[in-house]
């Protein structure tokens, strides 16, 4: 191998490590992973959690369908295989944010235990905060401003979670917020009460 070839490989011991970046940002990075049915309130809670963390001086990044499926995952559909690949890529991107000391807030249906385990295996359980945004499907359908559930019930959308594709509720989430019972403010505060002690430097 030539000298030039040797230079194309990253020398990892020259890259600043996560603890050094966390010290700079004065925070401990985690991946906060919100899972739940479409319409359960995942994105809304993610946005409120981010706003509150920002007010307290934490650096965050939200990942959700809008900024992932329109970009890095715009070539994926909703088959089981594509869903798994979708989550795998999201987890790898999340790991990069984690290693930069940034708190990553992810809002994805991630419907099965196997799919969520893919993310946990990549990110590491010690770095992963699982939030189950729990609402009955009847409530989610009433909130369906995009009309997705109606289209799924008509057969216009296939493999729609909760209709013709399963959703496995997490058995032991770190946080569970029942959005048919709690207000957005209450759900946000419940998340913050758990998260803040883990991310303070």
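Numbering (the working numbering), first residue to last: 122 to 322.
Ideal Cβ placement from N, Cα and C applies to all residues, glycine included.
Model, not experiment: these values are computed from the prediction.
In the DSSP assignment, find the alpha helix (DSSP H) that holds residue i and state where it starts and stops.
i	result
residue 251	Per DSSP, residue 251 belongs to no alpha helix (DSSP H); it is in the beta strand (DSSP E), 249-255.
residue 277	Run containing residue 277: none; DSSP gives neither H nor E here.
residue 235	234-244
residue 145	139-146
residue 299	Not the alpha helix (DSSP H): residue 299 falls in the beta strand (DSSP E), residues 296-299.
residue 263	258-263
Kindly indicate the opening and closing residues of the beta strand (DSSP E) around residue i.
i	result
residue 225	224-228
residue 152	152-156
Can you say whether residue i is buried or exposed, counting buried as having 16 or more other CB atoms within 10 angstroms of its CB?
i	result
residue 322	exposed
residue 140	exposed
residue 233	buried
residue 208	buried
residue 195	exposed
residue 318	exposed
residue 175	exposed
residue 266	exposed
residue 143	buried
Any heavy atom of the ligand SAH inside 8 Å of the beta-carbon of residue i?
i	result
residue 139	Looking at this structure, you won't find the ligand SAH or any other ligand, since it has none at all.
Going by DSSP in three states, residue i sits in which element: helix, strand or coil?
i	result
residue 392	This structure leaves residue 392 out entirely; the chain is present only between 122 and 322.
residue 321	strand
residue 305	helix
residue 200	coil
residue 182	strand
residue 215	helix
Less than 7 Å between C-beta atoms, sequence neighbours within five positions excluded: which residues of the same chain meet that for residue i?
i	result
residue 301	256, 257 and 260
residue 205	236 and 239
If you draw a straight line from the C-alpha of residue i to the C-alpha of residue j, how long is it?
i	j	result
residue 323	residue 243	Outside the displayed span of the chain (122 to 322) sits residue 323, for which this structure offers no information.
residue 286	residue 235	14 Å
residue 186	residue 167	12 Å
residue 263	residue 283	14 Å
residue 306	residue 226	17 Å
residue 162	residue 149	26 Å
residue 215	residue 191	17 Å
residue 275	residue 197	23 Å
residue 219	residue 247	12 Å
residue 159	residue 153	18 Å
residue 179	residue 298	22 Å
Report all residues from its chain with a CB closer than 6 Å to the CB of residue i; omit the five preceding and five following residues, and keep chain order.
i	result
residue 199	280
residue 296	252, 312 and 315
residue 273	281 and 284
residue 171	181, 183 and 226
Please go through the same chain and pick out, in chain order, the residues whose beta-carbon is closer than 8 Å to the beta-carbon of residue i, but skip the five residues on each side of it.
i	result
residue 211	184, 189, 194, 227, 229 and 240
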